[in-house]
Structures are given as structure tokens and as C-alpha cells.
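Okay, structure first, notes after.
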Amino acid sequence: MKQRFRFPSLVFIAAVIVLTSCSKTNKEGRFIPKTAAVAVIVNGKSFSAKLPWEEVKQNELFEQLYSDSSLEAYVKTALENPENTGIDTKKNLFFFVEKDSTGGYVAFEGTIKDAAKFKQFSSSVTKATESEKGGIHFLSNEKITASWDKEKFVIVVDAPEMNDQNKPGASSVKRDIVAVAGGIYSLSESNSLAKDEKFTTLVGSKGDVHFWMNIGALSSGNARNFSMEMLNLNKLSEGSFITGVANFENGRIDMDIRSYSGKEMTDINKKFSDAKLNTDMIKRIPSKDVAVLAAISFKPEGLREFIKLTGLEGFINLGAGQLGFTFDDFIKANKGDILFYVSDIKKDSAGKMGMNALFTASIGDKNSFGKLMAAGNKFLSKEKMGATTPVFFYNRSDNYFALGTEKLSVDKYISTANNNSFDFIDKASGSTSLFYLNFKTLMTGFNNQLATDSLDNIVFQTTINTWENLIATGGGFKDGATTQHIEINLADKSTNSLKQLNKYLGILGSIQQQKKLKREKWMSDATSENDPSESVSQEEKKSK
Numbered sequence: 003m004k005q006r007f008r009f010p011s012l013v014f015i016a017a018v019i020v021l022t023s024c025s026k027t028n029k030e031g032r033f034i035p036k037t038a039a040v041a042v043i044v045n046g047k048s049f050s051a052k053l054p055w056e057e058v059k060q061n062e063l064f065e066q067l068y069s070d071s072s073l074e075a076y077v078k079t080a081l082e083n084p085e086n087t088g089i090d091t092k093k094n095l096f097f098f099v100e101k102d103s104t105g106g107y108v109a110f111e112g113t114i115k116d117a118a119k120f121k122q123f124s125s126s127v128t129k130a131t132e133s134e135k136g137g138i139h140f141l142s143n144e145k146i147t148a149s150w151d152k153e154k155f156v157i158v159v160d161a162p163e164m165n166d167q168n169k170p171g172a173s174s175v176k177r178d179i180v181a182v183a184g185g186i187y188s189l190s191e192s193n194s195l196a197k198d199e200k201f202t203t204l205v206g207s208k209g210d211v212h213f214w215m216n217i218g219a220l221s222s223g224n225a226r227n228f229s230m231e232m233l234n235l236n237k238l239s240e241g242s243f244i245t246g247v248a249n250f251e252n253g254r255i256d257m258d259i260r261s262y263s264g265k266e267m268t269d270i271n272k273k274f275s276d277a278k279l280n281t282d283m284i285k286r287i288p289s290k291d292v293a294v295l296a297a298i299s300f301k302p303e304g305l306r307e308f309i310k311l312t313g314l315e316g317f318i319n320l321g322a323g324q325l326g327f328t329f330d331d332f333i334k335a336n337k338g339d340i341l342f343y344v345s346d347i348k349k350d351s352a353g354k355m356g357m358n359a360l361f362t363a364s365i366g367d368k369n370s371f372g373k374l375m376a377a378g379n380k381f382l383s384k385e386k387m388g389a390t391t392p393v394f395f396y397n398r399s400d401n402y403f404a405l406g407t408e409k410l411s412v413d414k415y416i417s418t419a420n421n422n423s424f425d426f427i428d429k430a431s432g433s434t435s436l437f438y439l440n441f442k443t444l445m446t447g448f449n450n451q452l453a454t455d456s457l458d459n460i461v462f463q464t465t466i467n468t469w470e471n472l473i474a475t476g477g478g479f480k481d482g483a484t485t486q487h488i489e490i491n492l493a494d495k496s497t498n499s500l501k502q503l504n505k506y507l508g509i510l511g512s513i514q515q516q517k518k519l520k521r522e523k524w525m526s527d528a529t530s531e532n533d534p535s536e537s538v539s540q541e542e543k544k545s546k
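So the number in the numbering used here is just where the residue sits in the sequence shown, counting from 1, plus 2.
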């Protein structure tokens, strides 16, 4: 009986192992190096469905560019239809950035639809002679290599300026970009992102755009790295990755972001990231006209562990000691809730721009908070600041401290539980953080500073008629990463956001072109007026 079930059991176990192994791999990262600093995947199929190229061609900026008689023929051909380049625009398109000691390079990959068209287009761009090695074709100049085989293409652009530690002569080190491009075709799976579990999780999420950032690779080669090492700040970048998925929906853009850290930071996040946003602090805001708001709730002990990890505790205690308190006092004084907002942006009776800005924090240990207050009063004493009208006003209760630009708002925030209702509160429920930006309120408040002529006014009106608000919420720690959701809401709820962006950017681009022509004409006229020979020439023309 035992023998009868042994073989099926082994088959089942083998199947589970294979399926589990496959679930941790992906095909999208197969030709992206695992050391890539940045990688972006554009879903060509969904982009084409949501924004057909025929609609892009109706874009005002596109029409101006296409009508430019100085455009080379190959550019016009690509603008007429991107598939004239030989690229399959309905398949995924890949971009990645690789940094190294000599700078870095940027690569663009995708699927070949018509090799002859791709060769013709690439030849026009590079002005190079074709070479071939191992079934891979190359067209290369000093900065760029276009390559392709029967299935895919890889374009590599050298970027030595990526490493800011490069000395003046470093740019003379020539990268063999033909070898780089060829190496991508032969990249082993183990040296690619195909086996990276985080990348697999990323591409497993439905999206129009997927992006990947290797924070450690991005920060490598930067001049500030030495100071980061001195302060142990490299702990923040080592093993850190940010991944994100963006979807263009009707009336909004959705983004889901995951932030991964190294072991020490992950342990801190896992232990202390379950704080929930204090919505009572938001409801106490006395104004409904909120333009910008940022709120976060955290566990103060988590902040202590973070500072210890970075090695900054000694520096902080040194500075705090001069003001009469310790870092421990600061931790005890905080309950872990912070809010900042800006509202009521408008001109006063004298025509001066003003706004109501307020910062507030929840109070933990009252004695420790008293030490912070005493330190603040000492720092902002009249002897140091001068006997002038105060720029900021503050007040406190047993639960909250508030500091703001308007005394009435500060006092009202502290003394009155307004219980105001805001549309974004429900979306922030259960979150650890919230950032809110009302584009229309912000732009309208600064209208007179932004719109200086008729063209500026078109930009202003187009902007406030396109954008509504941005809401970003922190979801805490989940599956090894801290999570965040960003929602950008547009005014038109019935039209896909990608189409709205196309129209908006087209108008802005067209306005910039008109401004450029207007500026060039003004400079030409000014030069003519100041050039005596030009004046004589004009008079001669009139006499004739």
C-alpha cells in the first residue's frame, strides 16, 4: 500500500517545487542586469489601447513639430507611425540605467517587428555602417549603439557623466558600447532580474508602467558617499529598493509603491510601523480651504532606533544639550503624531500674498515636552530675534501643541474640536501617513503671480481645468516592505487620464513654442533698433 502512493507523492512534491520556483522568477527581467540602478517597463499593449497614436497626432505640440520643415525624413517617418521604426509598439518596452566606475549607460529594449525597417531607421540615426557578430547586428557611433537579432532590439547610450566622482579626464575613458549591447543578449539568468523575488512581485502586479529603483546602486559613485560612511548613513541605502506600478484610469492616475530596506531598517520598520493616523488632528483644522496637508503617525521608540542605527544620536545630544534637553526628552515628549497644513492662500487688503500655515504635534510626557518648550523659548528669545512683531504664534493643550502664522487659527485649533469633514479623510483611514495637495486651490491662490500675459493665462486655465488633487497614503509594513498608494485625480472623470495628459502636455508644449518665438522676435527687434547699420538698411529699403 505504501509503495502504491510513493510515486504519485514524489510527482506531487516535484510539481510543488517547480511551481514554487517558477513563482519566484519572471521573464520581464531576463535581459535587465540585476545591478541596474533604474528599470522601467512600459506596457505597450495597454498604452496603445488607452492612447491610440492617432490621438497623439492631434496633440497641438505634435502638430507643430510635424510641420517643422527642418525635421529629417526619418524623424517624420517615426512621428507618422512609430511602427515605421521596426519596433513592435504593442509589446512591452524596457528601459534601464546601469551605473559603474566610469559613469554608466542607458539601455532601451523591446521586440522587433520588422528588422529591415529597424535597420533603416537606426542607420539614419547613427550614420554608421552595419556589423554582425553571432547573429546580432550592430550600428554604432561614439555615443550610441543600436543592435538587433531576429526577436529583439537593444539600444545602448553611453553616459559617463552619471558618476559625479569622475575627474575632468575621466570622460576620455571610452566604453565599448558594442560589447555592452552584445553582453545584454548573453546575460545569464542568475545575473539578471529574472530571479529577483522583489522584481517578480513587481511585474506580477497589473499595470501600465512598472518601475524599479536600486537605491544602493543609484547612490554609488556619488561624492557624498564618504560622509555617508562616516555617519553610518549607508545603512539607509544598502539593500534598499523602491518598486512601483502606475495605472492610467478614467479621471485618475493610481500608483502603488513598495519600499524595501536592508536587514536593520527592515527590522525597525517591521517592529514600529503599525501606528495609525490620528484623524482627530485633521478634523480640528478650522479651515475648509486646505491647499496642502501632510500628516504622519509613528512610534517614537522607532525613531530612537533609527537614529541609533545612523550613528547620529551623539550629534543630536550634543546640540540638544546646549538648549537644555536630551534626545531622550525629545522621544518622551512626542506621542508620535505630526500634522502640517497650508490653507487660505490669498492677498490681504494691502495686496500682499498671505497664507495660513500651521504645524501641530501630539504631546506625550508633559515634563519632557516642557523642556522642549523652554528650549524653544530660549532659542526664539527677544534678545536673539529682536523686539519685532512675531512671525509665528503658538499654543498648547494637554494633548496638542500648535505653531502657526495666524494667532486666531492656532488658538482655535487648540481650543475647539471642530470635527471638520474632508473628502480625503476616508481614504486615509487606517493609514500611517497622508499627503494631500489641492491643485486648484493652490494655483488659484497664486494666480496673480503665475499669469503675467495671455499665454500664461492659457496655461493657468488649462492647469486648473485639468488637475484636481493628489492623495498619498502610507499603508504600513506588509510582506517585507513599507507600502504607499498615490492617487492623482483629474477634473474630467469620464476620460482616461492618459488621454487627458496627452492633451494637457500638448497645450503646454505649444505655449512654450509660442513663447520661444515671441522671445526670439522681441530680441530680433531689439537688436535691429540698436544696430545703426540695420537702421540705414531699413531707410534705404523705404527710399527705393
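Even for Gly, the Cβ is constructed at its ideal location relative to N, Cα and C.
Of the residues the options, the one placed nearest residue i, counting alpha carbons only
i	options	result
residue 429	279, 89, 183 and 189	279
residue 239	262, 247, 258 and 304	262
residue 507	52, 327 and 60	60
residue 201	353, 243, 220 and 53	243
residue 122	302, 75 and 368	75
residue 138	102, 186 and 128	186
residue 304	432, 465 and 268	268
residue 499	146, 257 and 37	257
residue 155	95, 197, 145 and 413	95
residue 53	522, 503 and 457	503
residue 346	89, 443, 128 and 65	443
residue 273	422, 482 and 193	482
residue 248	82, 501, 471 and 488	488
residue 266	275, 136, 311 and 438	311
residue 446	463, 437, 438 and 379	463
residue 470	438, 203 and 259	438
residue 331	368, 77 and 353	368
residue 250	495, 422, 355 and 370	495
residue 77	116, 289, 57 and 128	128
residue 373	125, 406 and 335	335
Cutoff 7 Å; reference residue i; Cβ partners in own chain excluding five residues on either side
i	result
residue 107	100, 158, 159, 160, 161, 177, 179 and 182
residue 409	395
residue 308	270
residue 480	none
residue 526	none
residue 337	364, 365 and 366
Proximity below 8 Å, CB of residue i to CB of residue j
i	j	result
residue 28	residue 205	yes
residue 478	residue 434	yes
residue 490	residue 255	yes
residue 220	residue 35	no
residue 298	residue 340	yes
residue 98	residue 41	yes
residue 216	residue 38	yes
residue 358	residue 431	no
residue 440	residue 293	yes
residue 83	residue 119	no
residue 203	residue 165	no
residue 397	residue 427	no
residue 32	residue 153	no
residue 62	residue 512	yes
residue 135	residue 184	yes
residue 259	residue 515	no
Own chain residues within Cβ distance below 6 Å of residue i, not counting five before or after
i	result
residue 92	46, 47 and 50
residue 342	296 and 361
residue 306	333
residue 130	141, 142 and 143
residue 399	416
residue 301	274, 277 and 338
residue 413	397
Close-in-space but distant-in-sequence residues of the same chain around residue i (CB under 8 Å, 5 per side omitted)
i	result
residue 497	252 and 253
residue 282	419
residue 380	325 and 326
residue 151	114, 137, 138, 139 and 187
Opening and closing residue of the alpha helix (DSSP H) in which residue i lies
i	result
residue 377	368 to 381
residue 239	Taken as a continuous stretch (DSSP letters only), residue 239 belongs to no alpha helix (DSSP H), as it is neither H nor E.
residue 49	46 to 52
residue 427	427 to 430
residue 407	Careful: residue 407 lies outside any alpha helix (DSSP H) and carries neither H nor E.
Start and end residues, beta strand (DSSP E) containing residue i
i	result
residue 471	469 to 480
residue 398	395 to 398
Worksheet entry | Secondary structure, beta strand (DSSP E): runs of 3+ residues fully inside the region 64 to 143 | Listed in chain order, the beta strand (DSSP E) elements of length 3 or more contained wholly in the region 64 to 143 are 95 to 102, 105 to 113, 133 to 135 and 138 to 142.
Item to complete: Starting from the N-terminal side, write out each stretch of the alpha helix (DSSP H) that is 4 residues or longer and does not extend beyond the region 246 to 300.
Response: Counting only runs of 4 or more residues that sit fully inside the region 246 to 300, the alpha helix (DSSP H) segments are 265 to 274 and 281 to 285, in chain order.
Item to complete: Only counting runs of 3 or more residues, tell me where the beta strand (DSSP E) segments fall wholly within the region 310 to 369, in order along the chain.
Response: For the region 310 to 369, whole beta strand (DSSP E) runs of length 3 or above, ordered along the chain, are 336 to 349 and 355 to 365.
Worksheet item: What are the uninterrupted segments assigned as alpha helix (DSSP H) that are 4 or more residues long and contained completely in the region 438 to 464, given in chain order?
Response: Listed in chain order, they are 441 to 447 and 449 to 452.
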